[in-house]
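**Q** Dumping the structure here so I can ask a few things about it.
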Amino acid sequence: METIIDWIYAHQVMLSWLTFFSVLTFIGSLIVIPVLIIQIPEEYFIYEKRNPTAAREDHPGLRLLFIIVKNVLGVLFVIAGIAMLVLPGQGLLTILIGVMLMSFPGKYAVERKIVMQKQIFKAVNRLRIKAKRPPIRLDSEGEGGG
Numbered sequence: 852m853e854t855i856i857d858w859i860y861a862h863q864v865m866l867s868w869l870t871f872f873s874v875l876t877f878i879g880s881l882i883v884i885p886v887l888i889i890q891i892p893e894e895y896f897i898y899e900k901r902n903p904t905a906a907r908e909d910h911p912g913l914r915l916l917f918i919i920v921k922n923v924l925g926v927l928f929v930i931a932g933i934a935m936l937v938l939p940g941q942g943l944l945t946i947l948i949g950v951m952l953m954s955f956p957g958k959y960a961v962e963r964k965i966v967m968q969k970q971i972f973k974a975v976n977r978l979r980i981k982a983k984r985p986p987i988r989l990d991s992e993g994e995g996g997g
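First residue of the sequence shown? That's 852 in my numbering, and the numbers climb one at a time after it.
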């Protein structure tokens, strides 16, 4: 019967890569998440439904590549955020950024529901205030909510 120690020795390479990825994700989240949150327009979450944006006039191939890359990054952020719910890191904020990067029906409602959580809303606005950016608003009168 194999013991845990035997299993660890047998899987050292895999465990080394997992440790490396965990540390990299943790450090990356500490740098990338605040930068991305600061870039969100303050009025992004004001409306119940998102106003459709005009299609870009980019080259269709480049536009498709951009959408694919953005969605892959979004999925990676969501996976990393879920892992950070039990590992060190900013799990819920990472999930929020991942959802914001992806394209899927009902995305805006999911984003809004996440950011309206009291702790998330406070954390997002705390980061924005430290960066001297106006806080995220959830209604047109400038009220927060959550």
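Beta carbons are placed, not taken as given, at the ideal position from N, Cα and C, and that holds for glycine.
Identify which residue in Ala861, Ile889, Trp858, Gly879 has its Cα closest to the Cα of Lys981.
**A** Within the sequence shown, residue 981 is the residue found at index 130, counting from 1. The shortest Cα separation from Lys981 among Ala861, Ile889, Trp858, Gly879 belongs to Ile889.
**Q** Going straight from the alpha carbon of Arg979 to that of Pro985, what length do you get?
**A** Working through the sequence shown from its first residue, we reach residue 979 at position 128. Working through the sequence shown from its first residue, we reach residue 985 at position 134. So the two alpha carbons sit approximately 7 Å from each other.
**Q** Give the list of continuous beta strand (DSSP E) stretches no shorter than 3 residues that lie fully inside the region 918-987.
**A** Whole beta strand (DSSP E) segments, 3+ residues: zero.
**Q** Return the Cβ separation of Val966 and Phe896 in integer angstroms, given the expectation that the two are a contact with Cβ distance under 8 Å.
**A** In the sequence shown, the residue the question calls residue 966 occupies position 115. In the sequence shown, the residue the question calls residue 896 occupies position 45. Rounded, the Cβ-Cβ distance is 6 Å, consistent with contact.
**Q** To the nearest whole angstrom, what separates the beta carbons of Ile946 and Val929, a pair I think is in contact under 8 Å?
**A** The residue labelled residue 946 in the question sits at position 95 within the sequence shown. The residue labelled residue 929 in the question sits at position 78 within the sequence shown. Their Cβ separation, rounded to whole angstroms, is 5 Å, which keeps Ile946 and Val929 in contact under 8 Å.
**Q** With Asp990 as the anchor, note down where its alpha helix (DSSP H) starts and where it stops.
**A** Taking the first residue of the sequence shown as position 1, residue 990 is located at position 139. Premise fails: Asp990 is in no alpha helix (DSSP H) and is neither H nor E.
**Q** Which residue wins for smallest C-alpha separation from Leu938, given the options Leu869, Ile856, His862?
**A** On the sequence shown, position 87 is the one that residue 938 refers to. Answer by Cα proximity: Leu869.
**Q** If you follow the alpha helix (DSSP H) that Phe877 is part of, which residue opens it and which one closes it?
**A** Counting from one through the sequence shown, the residue named residue 877 turns up at place 26. Per DSSP, Phe877 belongs to the alpha helix (DSSP H) from 863-890.
**Q** Could you compute how far the alpha carbon of Ile971 sits from the alpha carbon of Val864?
**A** If you number the sequence shown from 1, residue 971 lands on position 120. If you number the sequence shown from 1, residue 864 lands on position 13. Their backbone Cα atoms lie some 36 Å apart in a straight line.
**Q** Hey, Leu887 and Ile987 are a contact pair by Cβ (cut 8 Å); roughly how many whole angstroms apart?
**A** Taking the first residue of the sequence shown as position 1, residue 887 is located at position 36. Taking the first residue of the sequence shown as position 1, residue 987 is located at position 136. Rounded, the Cβ-Cβ distance is 13 Å, inconsistent with contact.
**Q** Using the Cα positions of Ala861 and Phe871, report the straight-line distance between them to the nearest angstrom.
**A** Position 10 of the sequence shown, counted from the start, is the residue given in the question as residue 861. Position 20 of the sequence shown, counted from the start, is the residue given in the question as residue 871. Going by the C-alpha atoms only, they are around 18 Å apart.
**Q** Give the C-beta separation of Gly942 and Met935 to the nearest angstrom, bearing in mind that I take them to be a contact with Cβ-Cβ under 8 Å.
**A** Within the sequence shown, the letter at position 91 stands for residue 942. Within the sequence shown, the letter at position 84 stands for residue 935. The pair is a contact, with the Cβ atoms about 4 Å apart (cut-off 8 Å).
**Q** Which of helix, strand or coil does DSSP assign to Ile897?
**A** Looking up residue 897 in the sequence shown gives position 46. DSSP places Ile897 in coil when its eight states are reduced to three.
**Q** Compute the Euclidean distance between the alpha carbons of Ala960 and Arg901, then round it to the nearest angstrom.
**A** For the purposes of this step, residue 960 is identified with residue 109 of the sequence shown, where counting begins at 1. For the purposes of this step, residue 901 is identified with residue 50 of the sequence shown, where counting begins at 1. The straight-line gap from Cα to Cα measures roughly 8 Å.
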